[in-house]
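Engineer: Numbering that gives the first Met the number 0 puts the last residue of the sequence shown at 299; the count rises by one with no breaks.
We treat Cβ as the ideally placed atom computed from N, Cα and C, and that holds for glycine.
Computed from a predicted structure; not experimentally measured.
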Amino acid sequence: MKSKPLIVLVASWCVVLNAWAQSTPTDRQQPQSTPQKAAPGKASPVARVKSAVPPVMALLRSPVERVAWDNAPFSMVLEWLEDRGASAGPVHVRPNWRALNAEGIDKDAEVTLEMSDTNVYEILIELLDGLSNGDPLHYVGEGDVLRITTRTDLRRHLVSRSYDVNQIIAQIRGQRLNPRFDIGQTVHIVTFFPVDGAGVGVTTQPIDVGTSMFSDDFFSVGNNGRNNPGRGNDDDDDDDEGAEEEIIQDLLENIYTTIEPDTWNLNGGPGTAGVFNGVLTVRNSIDVHAQLGAPFIVSP
């Protein structure tokens, strides 16, 4: 009986944002070392790194000593965000008032929130959670625009993106991973990037699985516990073409079942996905693409 392969995928933007968000405020607010002066006509290393950070991400990361709003109008909080964004890119804050008004949220909605030794990301999460009624509020960042809307509105707009999965297919076809993830075992994470995004292709790196493989940082594909690389399998090389098709089907199946299942057409939603010539093409909402690794920043 042929064994199914196993893939471990990581959504690149989610890993960056989750890893940053889980660090302590103290870690994020350590003072920077004094930058070296750049030679005339050349940008300093610090300037080059800063320019590589999307403006919205720079805004979310920015430390905040203290905020204290007591029944402040929502419009005033938005102005505060806009002022903070002016030094981060600038970043333009764009609320979808039609969607917000449908939830009974207007510019005069009262905000009561007090936080200290924090950052804009944590403040924004608390702000939107406090204002949410039936339809949860979300933000989405792309480039220098931070939009605030409802989850329903966010999922109403479909976006098409293409992802290069050639190396994923090649790696899994040539290397069978052990499906039994014991604590402390090292496996390989495959990270894929949008074809039309920042960076093309796939990179791999070893990680320690630790105490759980079922984290938000990766999901597994295939084999249902039947493959063991320590045991020979004469069927592995019988049909490369069939093995590739099996990998593709496993990839699609697990995307459908692990990333916002109700948004895919197989489950009654509008989203579609398919693989042709090693390119995964997905049409779905921005929050789905953010989990796949597209260059969007979406609230959890």
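Please go through the stretch 129 to 158 and give each complete beta strand (DSSP E) segment of 3 or more residues, from N-terminal end onward.
Structural biologist: Those beta strand (DSSP E) runs which fall completely within the stretch 129 to 158 and span 3+ residues are 136 to 141, 144 to 149.
Engineer: Is it the case that the Cβ atoms of residue 313 and residue 113 are separated by a distance below 8 Å?
Structural biologist: Nothing can be reported for residue 313, as the shown portion of the chain is limited to 0 through 299.
Engineer: Go through its chain and collect everything with a Cβ distance to residue 111's Cβ below 8 Å, but skip five positions before and after it.
Structural biologist: Only 68, 69, 70, 71, 129 meet the Cβ criterion.
Engineer: Measure how close the beta-carbons of residue 165 and residue 277 come, nearest whole angstrom, since I'm counting them as under 8 Å.
Structural biologist: That belief holds up - the Cβ atoms of residue 165 and residue 277 are roughly 4 Å apart, short of 8 Å.
Engineer: Any chance the stretch 135 to 153 sits against the stretch 259 to 273, with 3 or more Cβ pairs inside 8 Å?
Structural biologist: The stretch 135 to 153, when compared against the stretch 259 to 273, does not touch it at the 8 Å Cβ threshold.
Engineer: For residue 89, does the three-state DSSP call read helix, strand or coil?
Structural biologist: The answer is coil: DSSP assigns residue 89 none of H, G, I, E or B.
Engineer: Could you tell me which residues DSSP pairs with residue 274 in its beta bridges?
Structural biologist: Answer by DSSP bridge pairing, in chain order: 279.
Engineer: Can you tell me whether DSSP reads residue 102 as helix, strand or coil?
Structural biologist: Coil at residue 102, not helix or strand.
Engineer: Under a Cβ-count criterion, where at least 16 other Cβ atoms within 10 Å of its own Cβ denotes burial, should residue 288 be classed as buried or exposed?
Structural biologist: It counts as buried.
Engineer: Provide the residue span of the alpha helix (DSSP H) that contains residue 287, from first to last.
Structural biologist: First-last of the alpha helix (DSSP H) with residue 287: 285 to 291.
Engineer: Along the alpha helix (DSSP H) that carries residue 265, what are the first and last residues, could you check?
Structural biologist: That residue, residue 265, is in no alpha helix (DSSP H); it is neither H nor E in DSSP.
Engineer: DSSP three-state label for residue 115, please.
Structural biologist: Three-state DSSP puts residue 115 in a strand.
Engineer: Among 97, 95, 57, 106, which has the Cα closest to the Cα of residue 84?
Structural biologist: That would be 57, whose Cα lies nearest to the Cα of residue 84.
Engineer: Consider the Cβ of residue 85: report whether some Cβ of chain C lies at a distance smaller than 8 Å.
Structural biologist: No chain C appears in this structure, which consists of one protein chain only.
Engineer: Pair every Cβ in the stretch 89 to 103 with every Cβ in the stretch 148 to 163, then say whether three or more of these pairs are closer than 8 Å.
Structural biologist: Yes: at least three Cβ pairs fall under 8 Å.
Engineer: From 157, 143, 285, 170, pick the residue whose C-alpha is nearest to that of residue 92; which is it?
Structural biologist: Checking every option, the nearest Cα to that of residue 92 belongs to 143.
Engineer: Hey, would you say residue 89 sits closer than 8 Å to residue 77, going by beta carbons?
Structural biologist: Against a cut-off of 8 Å, the Cβ pair of residue 77 and residue 89 comes out as no contact.
Engineer: Decide if residue 265 is buried, meaning its Cβ has at least 16 other Cβ atoms within 10 Å, or exposed.
Structural biologist: Classification for residue 265: exposed.
Engineer: Can you find the residues in the same chain that come closer than 7 Å, C-beta to C-beta, to residue 254, ignoring five residues on each side of it along the sequence?
Structural biologist: Only 272 meet the Cβ criterion.
Engineer: Quick check: what's the CA-CA separation for residue 242 versus residue 63?
Structural biologist: Between residue 242 and residue 63, the C-alpha separation is close to 52 Å.
Engineer: Whole angstroms are fine: how far does the CA of residue 121 sit from the CA of residue 131?
Structural biologist: Whole-angstrom Cα-Cα distance: 16 Å.
Engineer: In whole angstroms, what is the alpha-carbon distance linking residue 159 and residue 283?
Structural biologist: About 7 Å.
Engineer: Does the beta-carbon of residue 79 have 16 or more other beta-carbons within 10 angstroms, so that it is buried, or is it exposed?
Structural biologist: It is buried - the Cβ of residue 79 has at least 16 other Cβ atoms within 10 Å.
Engineer: Return helix, strand or coil for residue 66, following the three-state DSSP convention.
Structural biologist: Residue 66: strand per DSSP, three-state reduction.
Engineer: Note down the Cα distance separating residue 106 from residue 74, rounded to an integer number of angstroms.
Structural biologist: If you take the alpha carbons of residue 106 and residue 74, they lie about 5 Å apart.
Engineer: When DSSP labels each residue in this structure, what does residue 163 get in the three-state scheme?
Structural biologist: The answer is strand: DSSP assigns residue 163 an E or B state.
Engineer: Under three-state DSSP, which class holds residue 55?
Structural biologist: Three-state DSSP puts residue 55 in a helix.
Engineer: Distance, Cα to Cα, residue 267 vs residue 279?
Structural biologist: The alpha-carbon atoms of residue 267 and residue 279 are separated by roughly 21 Å.
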